[in-house]
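Chemist:
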């Protein structure tokens, strides 16, 4: 019976390795900070705007406003090159009553090393 229990613990060790691989994958991802999102734009609209430049991992729009009083959110890419392309293309686009500001999130580590 003890041998059967030992065999059950092997997937737990693999799970740890899987979690380490997942953490490495998350470290490669780049999070973009997007400011000036109009009230009419929902996460799906933001997804459609940014998906032109590559596959997006995640889109999140907060229900609160920043210190300046603008609506903001985050877009996560799996590749730093795609994130840089999105910054170049979307930063300064006029939507609604103002221009959108797109930059690398200050807590994102993938582009900070460059």
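Residue numbers (our numbering): 1 to 114.
Cβ atoms here follow ideal geometry from the backbone N, Cα and C, with glycine treated the same way.
It should be emphasised that the depicted structure is a prediction, and the values quoted were computed from it without experimental measurement.
If you compare alpha carbons, which of 40, 86 and 31 is closest to residue 57?
Modeler: If we check each option's Cα against that of residue 57, 31 comes out closest.
Chemist: Three-state secondary structure (DSSP) at residue 84?
Modeler: Reduced to three states, the DSSP call for residue 84 is helix.
Chemist: What number of angstroms, rounded off, separates the C-alpha of residue 63 from the C-alpha of residue 34?
Modeler: Cα to Cα, the separation comes out at about 13 Å.
Chemist: Buried or exposed: where does residue 83 fall if 16 or more other Cβ atoms within 10 Å of its Cβ makes it buried?
Modeler: Under this definition residue 83 is a buried residue.
Chemist: What separation, rounded to the nearest whole angstrom, lies between the Cα atoms of residue 85 and residue 42?
Modeler: The straight-line gap from Cα to Cα measures roughly 22 Å.
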